[in-house]
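Participant: Here the protein sequences line up with chains E and S, keeping their order.
Under my numbering, the first residue of the first sequence is numbered 2, with each subsequent residue one higher.
Under my numbering, the first residue of the second sequence is numbered 3, with each subsequent residue one higher.
Can you keep this structure in mind? I'll have questions shortly.
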Amino acid sequence: MEPYKKHQSIAALMKRSNVDTDQIIPKQFLKKVERTGFGKHLFHDWRFNDDGSDNANFELNKPTFTGAKILLVGDNFGCGSSREHAPWAIADYGFNTIISSSYADIFYNNCFKNSILPIKVDKQKLAELMDEVAANEGVTFVVDLENQQLITPAGNGLTFDIDPFRKENLLAGFDDIGLTLKHIDKIDQYEEKHKQAYPWLWN
Amino acid sequence: MKKTMYEKIWDSHLVVEAPGQAPLIYVDRHLMHEVTSPQAFEGLRVANRKVRNPHSILATMDHCVPTKNRDLPIADPIAKKQIETMADNCKSNGLNLYDMKNPNNGVIHVVVPEHGFVHPGMVVVCGDSHTATHGAFGALAFGIGTSEVEHVMATQTLPQQKSKTMLIQIDGELSKYTSAKDIALTITGKIGTAGGTGHVMEYAGKAISKLSMEGRMTLCNMAIEAGARAGLVAPDQKTYDYLKGREFTPVGDNWNKALAYWQSLVTDEGAQYDTVVVLNADEIEPQVTWGTSPEQVTGVTGLVPAPNDFDDDIKSEACANALEYMGLTAHTNITDIPVDLIFIGSCTNGRIEDFRIAAEVTKGTKVADNVMAIAVPGSYHVKEQAEQEGLDKIFIDAGWEWREPGCSMCLAMNGDELTVGQRSASTSNRNFEGRQGKGGRTHLVSPAMAAAAAVAGHFVDIRNL
Ligand code: SF4
Numbered sequence: 002m003e004p005y006k007k008h009q010s011i012a013a014l015m016k017r018s019n020v021d022t023d024q025i026i027p028k029q030f031l032k033k034v035e036r037t038g039f040g041k042h043l044f045h046d047w048r049f050n051d052d053g054s055d056n057a058n059f060e061l062n063k064p065t066f067t068g069a070k071i072l073l074v075g076d077n078f079g080c081g082s083s084r085e086h087a088p089w090a091i092a093d094y095g096f097n098t099i100i101s102s103s104y105a106d107i108f109y110n111n112c113f114k115n116s117i118l119p120i121k122v123d124k125q126k127l128a129e130l131m132d133e134v135a136a137n138e139g140v141t142f143v144v145d146l147e148n149q150q151l152i153t154p155a156g157n158g159l160t161f162d163i164d165p166f167r168k169e170n171l172l173a174g175f176d177d178i179g180l181t182l183k184h185i186d187k188i189d190q191y192e193e194k195h196k197q198a199y200p201w202l203w204n
Numbered sequence: 003m004k005k006t007m008y009e010k011i012w013d014s015h016l017v018v019e020a021p022g023q024a025p026l027i028y029v030d031r032h033l034m035h036e037v038t039s040p041q042a043f044e045g046l047r048v049a050n051r052k053v054r055n056p057h058s059i060l061a062t063m064d065h066c067v068p069t070k071n072r073d074l075p076i077a078d079p080i081a082k083k084q085i086e087t088m089a090d091n092c093k094s095n096g097l098n099l100y101d102m103k104n105p106n107n108g109v110i111h112v113v114v115p116e117h118g119f120v121h122p123g124m125v126v127v128c129g130d131s132h133t134a135t136h137g138a139f140g141a142l143a144f145g146i147g148t149s150e151v152e153h154v155m156a157t158q159t160l161p162q163q164k165s166k167t168m169l170i171q172i173d174g175e176l177s178k179y180t181s182a183k184d185i186a187l188t189i190t191g192k193i194g195t196a197g198g199t200g201h202v203m204e205y206a207g208k209a210i211s212k213l214s215m216e217g218r219m220t221l222c223n224m225a226i227e228a229g230a231r232a233g234l235v236a237p238d239q240k241t242y243d244y245l246k247g248r249e250f251t252p253v254g255d256n257w258n259k260a261l262a263y264w265q266s267l268v269t270d271e272g273a274q275y276d277t278v279v280v281l282n283a284d285e286i287e288p289q290v291t292w293g294t295s296p297e298q299v300t301g302v303t304g305l306v307p308a309p310n311d312f313d314d315d316i317k318s319e320a321c322a323n324a325l326e327y328m329g330l331t332a333h334t335n336i337t338d339i340p341v342d343l344i345f346i347g348s349c350t351n352g353r354i355e356d357f358r359i360a361a362e363v364t365k366g367t368k369v370a371d372n373v374m375a376i377a378v379p380g381s382y383h384v385k386e387q388a389e390q391e392g393l394d395k396i397f398i399d400a401g402w403e404w405r406e407p408g409c410s411m412c413l414a415m416n417g418d419e420l421t422v423g424q425r426s427a428s429t430s431n432r433n434f435e436g437r438q439g440k441g442g443r444t445h446l447v448s449p450a451m452a453a454a455a456a457v458a459g460h461f462v463d464i465r466n467l
């Protein structure tokens, strides 16, 4: 995995709540057997007109948000289907940070497996950040994961919370499986007990 | 210390809790389908890792499979590749796969219980959010992402944060023709799609113990729609009767051992939950969603709301957007909403009990003009059982299509879909924009309500029939 580095970039604003993973990556794009190439389908049904041209009314199509790495979005982001295609599409499109007041559990977990930092802020703070971007589209924020800082030009920055284990893994770009396999002895021991206790699960 | 069922299962599955790291929990059963697994197998291959416990996995093909002309080659080349990739991956890793032609095939969450593959007290995962279904058996069952699918295959464990607990206590009794689906939609309407975030829900109370195993599966299936990580129902005699004699259920002495363990899982008297929600089943009426989120729901005697019926700005705006997408006018009677297509099926409501109740409503009727109605059994076993009982004839005589099993219009990946502006009454679980086809408009209902709408051409209060 790519280590997550401190960066300054444009924050794109999507003032929508309950954005579900079906919107993030519609099902017609789930038939691929690879992990890559989903970015071009991100938010497909909103982003493109029926004839395949760009929908000029869709937020992310605004030239002021071109190249944004930060996505500022409403409550309960990533609800619905568990598809990891959603964070794959988000990362492939170029976002590495999301800021919202809440996320659906599975989506939140999936972000960390794909070098995406989902920052949680309270609703009041989210509204302030949204106002700041709305008033000055194209504004850039600084995200400093090491120090858990979000810094904005208008001073709406904050220190955000994040699970220390997840933070370390993002910073180092660690692969979860490799970390777990360090505990292989414990897994073997657990499994031995499991076989004794529930032999019928092992036939 | 007094423990809830969730805490008992959690504690007994804790493999290691290293300082500064997420606890690792053991996974007993891993379910699989063709859409969320190929990249996980690819990951294993690249890292030169093996599937640790092939026997813990049961796989099916359900999302992309056609529900008609199953003998013909799959027309969509990309779906075909996904199906073939699944078959290759299962074969090369020695996994038990119920492929498209297998008599055990069907939607993963319908098939797994049919074979007794999930037992009380297990930790069960699947790259699919509706894994929560298996909580009906008192198993901790939840959806995971594809990286986690790979993680479980390689290590049989998952790093997890412990969830909070929520008790959903449902007192009273459902009336005839209100069902588990109506309870599920009522909960989602009450607490919202984010209401259960970070929680595992346990359903209890008289109305829950009265539900059949099928009903409990419907209920737990939609725990995710209320944002919960998982849903749980305590195992009881119904659970044990259902499991007994199935393929993966223990026999003889092992049955007795298992039973003693299962009985010990029930929440201790006096154990504390982080959140408690109480509902009364007597007050639950048949539910119909009017918007594009499962929380946008009301009783069949209700009205489509107006944006200014909501105090909360975000809800008000969501209502306005939903009305526009759904092509509905505020304050329309739910029973005045016309429908074009009826879908009975999915892992929410594609089980035998669902077709029985729908057939009871359908018997001797005709599908309304300009309405198309399709019945898609959740599995070949459901299909067979229904045919033995003559239910297929009831549907066919009434003008329904009787299809082969699969996810079908629940997520419309297999070619079964709504066209732009078409409106469905659907027994599935999600009414998101475009879920059943781009521009399609979905109203979630129970099987009985769907069957009644097929006859009338609009929603009707099933209790008046
Ligand atoms: S029936 Fe629907 S919800 Fe169930 S597994 Fe299939 S697509 Fe998912």
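From the three backbone atoms N, C-alpha and C, an ideal C-beta is built for every residue, glycine too.
Within 10 angstroms of its Cβ, does E/Thr27 collect 16 or more other Cβ (buried), or is it exposed?
Facilitator: Note on identity: in this sequence residue 27 of chain E is Pro, with Thr being the wrong assignment. Burial call: buried.
Participant: Which residues of the segment 64–82 of chain E have a Cβ closer than 8 angstroms to any Cβ of chain S? Give them in chain order.
Facilitator: Those would be Gly75, Asp76, Asn77, Cys80, Gly81 and Ser82, in chain order.
Participant: Closer than 7 angstroms by beta-carbon distance: list the chain E residues that pair up with S/Arg437, in chain order.
Facilitator: Asp23
Participant: Please compile the residues from chain S whose C-beta is within a distance smaller than 8 angstroms of the C-beta of E/Val34.
Facilitator: Pro40, Gln41, Glu44, Lys83, Gln84 and Thr87
Participant: Can you give me, in chain order, the residues of the segment 217–247 of chain S that have a beta carbon less than 9 angstroms from any beta carbon in chain E?
Facilitator: Ile226, Glu227, Gly229, Ala230 and Arg231
Participant: Can you tell me whether E/Ile185 is buried or exposed? The criterion is at least 16 other CB atoms within 10 Å of its CB, across all chains shown.
Facilitator: exposed
Participant: Identify every run of the alpha helix (DSSP H) within the segment 65–139 of chain S, keeping only runs that are complete inside it and at least 4 residues long; order them along the chain.
Facilitator: Counting only runs of 4 or more, we get 79–95 and 110–116.
Participant: Which partner residues of S/His474 appear in the DSSP bridge assignment?
Facilitator: As displayed, chain S neither begins before 3 nor continues past 467, which places residue 474 of chain S out of reach and without an answer.
Participant: Identify, in the order they occur along the chain, each residue of the same chain with its Cβ nearer than 7 angstroms to the Cβ of S/Thr367, setting aside the five sequence neighbours on each side.
Facilitator: These residues qualify, in order along the chain: Ala400 and Val457.
Participant: Counting only Cβ-Cβ distances shorter than 8 angstroms, please list the residues of the segment 7–36 of chain S near chain E, keeping chain order.
Facilitator: Under the 8 angstroms Cβ criterion, the segment 7–36 of chain S contributes Val17, Val18, Ala20, Gly22, Gln23, Ala24, Leu26, Tyr28 and Asp30.
Participant: Using a Cβ cut-off of 9 angstroms, which residues of the segment 124–144 of chain S contact any Cβ in chain E, in chain order?
Facilitator: Met124, Cys128, Gly129, Asp130, Ser131, His132, Thr133 and Phe144
Participant: Spatial neighbours of S/Phe144 within its chain, please: C-beta separation below 7 angstroms, excluding the five flanking residues on both sides.
Facilitator: Same-chain partners within the cutoff: Val127, Thr133, Ala134, Arg231 and Ala232.
Participant: Following the continuous beta strand (DSSP E) through S/Met34, name the residue where it begins and the one where it ends.
Facilitator: Arg31 to Met34
Participant: Taking 8 angstroms as the cut-off, is the CB of E/Asp52 close to at least one heavy atom of the ligand SF4?
Facilitator: no
Participant: Tell me, to the nearest whole angstrom, how far the beta carbon of S/Leu176 is from that of S/Ala283; I am working on the premise that it is less than 8 angstroms.
Facilitator: Rounded to the nearest angstrom, the Cβ distance from S/Leu176 to S/Ala283 is 5 angstroms, consistent with a contact under 8 angstroms.
Participant: Just to make sure I have the definition right: I need the residues of chain E whose C-beta is within less than 8 angstroms of the C-beta of S/Cys66. Which are they?
Facilitator: Lys32
Participant: Helix, strand or coil for E/Tyr199? Go by DSSP, reduced to three states.
Facilitator: It is coil, neither helix nor strand.
Participant: Since S/Arg432 meets chain E, which of its residues come closer than 9 angstroms, beta carbon to beta carbon?
Facilitator: Under the 9 angstroms cutoff, chain E gives Asp21, Asp23, Gly81 and Ser82.
Participant: Could you give the first and the last residue of the continuous alpha helix (DSSP H) run that contains S/Leu325?
Facilitator: Asp315 to Met328
Participant: So within the segment 342–387 of chain S, which uninterrupted beta strand (DSSP E) runs reach at least 3 residues, ignoring any that extend past its ends?
Facilitator: 343–346 and 374–377
Participant: Suppose contacts are defined by Cβ-Cβ distances below 9 angstroms. Is S/Thr291 in contact with S/Asn433 by that definition?
Facilitator: yes
Participant: List, in chain order, every chain E residue whose beta-carbon is nearer than 8 angstroms to that of S/Gln158.
Facilitator: Ordered by position in chain E, the residues that pass the 8 angstroms Cβ test against S/Gln158 are Ile188 and Glu192.
Participant: Please report how far the alpha carbon of E/Lys205 lies from the alpha carbon of E/Gln150, in whole angstroms.
Facilitator: The structure shown does not extend to residue 205 of chain E, since chain E is modelled only from 2 to 204, so the question has no answer here.
Participant: Mind reading off the beta-carbon distance from S/Gln158 to S/Val29? Whole number of angstroms is fine, and I expect it under 8 angstroms.
Facilitator: 6 angstroms
Participant: Apply the 10 Å Cβ neighbour rule to S/Gly293 and answer buried if 16 or more other Cβ atoms are within range, or exposed otherwise.
Facilitator: Burial call: buried.
Participant: Which residues, in chain order, does the segment 358–384 of chain S contribute to contact with chain E at a C-beta distance below 7 angstroms?
Facilitator: none
Participant: On the three-pair Cβ rule with 8 angstroms, is the segment 70–84 of chain E touching the segment 13–21 of chain E?
Facilitator: yes
Participant: Please report the distance separating the alpha-carbon of S/Arg218 from that of E/Gly156.
Facilitator: 51 angstroms
Participant: In chain order, what residues of the same chain have a beta carbon less than 7 angstroms from the beta carbon of S/Met215, not counting five sequence neighbours either side?
Facilitator: Ala138, Lys240, Thr241 and Tyr244
Participant: Does the separation of the CB atoms of E/Asn137 and S/Ser149 fall below 9 angstroms?
Facilitator: no
Participant: How many Å lie between S/Ala450 and S/Ile80 at the Cα?
Facilitator: 36 angstroms
Participant: Taking E/Ala105 as the reference, give the member of S/Ile226, S/Lys93 and S/Ala61 with the closest Cα.
Facilitator: For E/Ala105, the nearest C-alpha among the options comes from S/Ile226.
Participant: What beta strand (DSSP E) runs, 3 residues minimum, are completely inside the segment 276–321 of chain S?
Facilitator: 277–282, 289–291 and 299–301
Participant: Between E/Lys16, E/Arg84, E/Asp177 and E/Thr67, which lies nearest to E/Ser10 when the distance is taken from Cα to Cα?
Facilitator: E/Thr67
Participant: Put S/Trp402 into one of helix, strand or coil per three-state DSSP.
Facilitator: coil
Participant: Between S/Asp472 and chain E, is the shortest Cβ-Cβ distance under 9 angstroms, so that the two count as touching?
Facilitator: Only positions 3 to 467 of chain S appear in this structure, which leaves residue 472 of chain S out of reach.
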